[in-house]
Each structure stands twice: as structure tokens, then as C-alpha cells.
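Peer 1: With the working numbering applied, the sequence shown closes on residue 278, and no number is skipped along the way.
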Amino acid sequence: MQNTRIVKRPEYAVESVDNALRILLLLQEREWLRIAEAARELGVAPSTAHRLMSTLVFRGFALQDDQRRYTAGPSLAAGPAQRHVRGLVAAARPHLEALAVQSRETVNLVERVGASVRFLFSAEGPQLLRVGDRTGTVLPALTSSGGLAALAALPDAVVEQLYTGRGAQLGGHALAPAELAGLRRELAETRARGYSRNLGRTEPEIAAVGVALALPDRPGTLAVTLSAPISRAAALERPETVAPLRTACAALQRDLAV
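Okay, structure coming up:
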């Protein structure tokens, strides 16, 4: 008969570390977690829970969405949030791989969570000089083509709240009035153009274009992007490149709606 060893809480346990680990467990168990819920589970003040969560966000273990809820970040590899990601990737993979062959460039599925975007899947293009797999990368939404495409699918009022509200102040991504005005202009241009554009903004050597997925239940959340070396930036915006990108997005939207 196998003996069961009971592990007791050590007398020397560091309370802040213990609380941070307990939050990680909660993030793995649930799809979303609010600060009030975390504080209640830990038996601490909301301000304490927020400081712990902010540290986890900084280290990539959590991400905050538009409703100030938190989900597991790319540094966590299990739980409902990751099962959600695996489902999206399974649906998107055939479309992205086909588009990578057709466009000969790297194709990415990105998800916007609050003011950040994370790369869920990359299908590399066949060219020798190409952008590599970026799966797991997290970037500010307003500096990436996928993030800009997703933001452009939202009403201006929602974008303004995202970058000026209390969550923006606490999260460190608040924009000054002039910066917000510039973002509004860029999003208006993106809507008129029909796709977003990133020319060396994230990295000087990389260009990208993006199209948001029009999902009624998740507006401004998912986007598909094409990325290439900056030397091929002009080719990304040609009609024969953008049209297949839009077609792939429409096909993926239909699959996700089923």
C-alpha cells in the first residue's frame, strides 16, 4: 500500500510568495479572475492583490482584458485559458498554413487581451529570408499590426476607455491626449484602408499587415497578420496579397461561428 505524505505549510513560508503562487493556481483553474475575487480567495486587501497581479502581468504570467479581468498569460501552460487557445489554434491552423504557402510570408494568429496582444500561432512562409515563429510573444496592441487591426474593430469610446481609464493608469499604458488623438487617426485610417499597417514599429527589420476577425461575440479580439522583412513591405500591401488575407479571415470566421 502506497503511503500518502501530507505536506504542511512551512513555518518559514514567505507570505507574498505564497500568495503569488496561489494566484497562479487560480489563473490555471479559471478562465478569468478579477482582483476582488483574488483578494477574497487570499484573504488580503484588494490593493495587495492588485500589486501581486501587476507583478504577474509584468512577468508574463497574467494578462488583463478590457473589463479589468485577468487571464493566464503565455508563461502559464495549462488551465481553461490555454484550452481556449488550443481550440482557436486548431481551427486556424489549416487556414494560416494555406495562406503562408500562397503568400510565401509568415502568417500569425494574434489575440488582443486588453492593451496587449499575444501571438497564438505562426505559420512560417517558405522563403529563405522570412520572419520566424513568434508564438507566445506578447506586444503592446498599439505597436503591432494585429493589435491595431483589433483596436480598429472597436468603437472609439471603448478604445478611449482602454487607454485613459483607471485600468490604464494602474497598468501603465495610459495615453496622453495627443497620443490618444494620434491613435484615433491611425485607427480611422485602418478602417478606411481595410487592414492595419506596421512598418518597422515593433522591430526595425519587420513589416506587417493585419485584418481583424469579425466575430459578433468577440469584437476586436482576434486578428490574422502577414509579416515579412522590411525589404518586402510594399509587397504586403498589394491587392494580390491583401485579398487572400481577407479570404482566409472570412473562412476562419465561418469555422469559429460553427
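Every residue, glycine too, gets a C-beta built ideally from N, C-alpha and C.
1. Just to confirm, are residue 161 and residue 135 a CB contact at a threshold of 8 Å?
2. If I'm right that residue 261 touches residue 246 with Cβ under 8 Å, what's the distance once you round it to whole angstroms?
3. Can you tell me which of 116, 206 and 59 puts its alpha carbon nearest to the alpha carbon of residue 163?
4. Taking residue 216 and residue 230 to be in contact with their CB atoms under 8 Å, please state how far apart those CB atoms are, rounded to whole angstroms.
5. Could you have a look at residue 144 and say whether DSSP puts it in helix, strand or coil?
6. According to DSSP, simplified to helix, strand and coil, what is residue 187?
7. Using the three-state DSSP reduction, which class does residue 230 fall into: helix, strand or coil?
8. Could you name each continuous beta strand (DSSP E) segment of 3 residues or more that falls completely within the stretch 206–277, going from the start of the chain to the end?
9. What does the alpha-carbon distance come out to for the pair residue 41 and residue 235?
10. Provide the residue span of the alpha helix (DSSP H) that contains residue 37, from first to last.
11. Can you tell me the Cβ-Cβ gap for residue 83 and residue 91, rounded? I've got them flagged as a contact below 8 Å.
12. Taking the CB atoms as reference points, tell me whether residue 227 and residue 248 lie closer together than 8 Å.
13. If we ignore side chains and look at the alpha-carbon of each, how far apart do residue 63 and residue 48 end up?
14. Could you check if residue 192 is buried or exposed, using at least 16 other CB atoms within 10 Å of its CB as the buried criterion?
15. Report the option in 240, 153 and 157 whose CA atom is closest to the CA atom of residue 182.
16. Check whether the Cβ atoms of residue 142 and residue 153 sit closer than 8 Å, and answer yes or no.
17. Would you mind sorting residue 138 into buried or exposed? The rule is 16 or more other CB atoms within 10 Å of its CB.
18. The beta strand (DSSP E) spanning residue 75 covers which residue range?
19. Applying the criterion that 16 or more other CB atoms from any shown protein chain within 10 Å of the CB defines a buried residue, is residue 24 buried or exposed?
20. Could you tell me which residues DSSP puts in a beta bridge with residue 91?
21. In three-state DSSP terms, what is residue 25?
22. Under a three-way DSSP split, which group does residue 155 fall into?
Peer 2: Taking the structure as given:
1. Counted from its first residue, the sequence shown places residue 161 at position 141. Counted from its first residue, the sequence shown places residue 135 at position 115. Cβ distance < 8 Å, so residue 161 and residue 135 count as in contact.
2. One-based indexing of the sequence shown puts residue 261 at position 241. One-based indexing of the sequence shown puts residue 246 at position 226. With 8 Å as the limit, residue 261 and residue 246 qualify as a contact, their Cβ atoms being about 7 Å apart.
3. Within the sequence shown, numbered from 1, the residue matching residue 163 stands at position 143. When only C-alpha atoms are compared, the closest one is 206.
4. Translated into positions along the sequence shown, residue 216 becomes position 196. Translated into positions along the sequence shown, residue 230 becomes position 210. Right, their Cβ atoms sit about 4 Å apart.
5. Looking up residue 144 in the sequence shown gives position 124. Note: residue 144 maps to coil in three-state DSSP.
6. Within the sequence shown, the letter at position 167 stands for residue 187. Helix.
7. Reading the sequence shown from its first residue, position 210 is the one you call residue 230. DSSP places residue 230 within a strand segment (E or B) once states are collapsed to three.
8. Fully enclosed beta strand (DSSP E) runs of 3 or longer: 216–219, 226–232 and 242–249.
9. The residue given as residue 41 occupies position 21 in the sequence shown. The residue given as residue 235 occupies position 215 in the sequence shown. Each residue's Cα considered, the two are about 34 Å apart.
10. Position 17 of the sequence shown holds residue 37. Start and end: 35–49.
11. One-based indexing of the sequence shown puts residue 83 at position 63. One-based indexing of the sequence shown puts residue 91 at position 71. Indeed, because the Cβ distance is near 5 Å, the residues count as touching under 8 Å.
12. To locate residue 227, count along the sequence shown from 1; it is residue 207. To locate residue 248, count along the sequence shown from 1; it is residue 228. Contact flag set, yes.
13. Along the sequence shown, read from residue 1 onward, the residue named residue 63 stands at position 43. Along the sequence shown, read from residue 1 onward, the residue named residue 48 stands at position 28. About 19 Å.
14. Position 172 of the sequence shown, counted from the start, is the residue given in the question as residue 192. Exposed, by the Cβ-count rule.
15. Taking the first residue of the sequence shown as position 1, residue 182 is located at position 162. Among 240, 153 and 157, the Cα nearest to that of residue 182 is on 240.
16. Looking up residue 142 in the sequence shown gives position 122. Looking up residue 153 in the sequence shown gives position 133. Their beta carbons are under 8 Å apart, which means residue 142 touches residue 153 by this criterion.
17. Locating residue 138 in the sequence shown gives position 118, where the first residue counts as 1. The residue in question, residue 138, is buried, as its Cβ has 16 or more Cβ neighbours within 10 Å.
18. Counted from its first residue, the sequence shown places residue 75 at position 55. Element bounds for residue 75: not the beta strand (DSSP E) but the alpha helix (DSSP H), 66–78.
19. Working through the sequence shown from its first residue, we reach residue 24 at position 4. Here residue 24 scores only 45 on pLDDT, less than 50, and its place in the model should not be relied on; the value that follows carries that caveat. Around the CB of residue 24, fewer than 16 other CB atoms lie within 10 Å, so the residue is classed as exposed.
20. One-based indexing of the sequence shown puts residue 91 at position 71. Answer is 83.
21. Taking the sequence shown and counting its residues from 1, one reaches residue 25 at position 5. Since pLDDT at residue 25 reaches only 47, below the 50 mark, its modelled position is unreliable, and the value read off the structure follows with that caveat. Here residue 25 sits in coil by DSSP.
22. Here residue 155 corresponds to residue number 135 of the sequence shown, with the count starting at 1. Coil at residue 155, not helix or strand.
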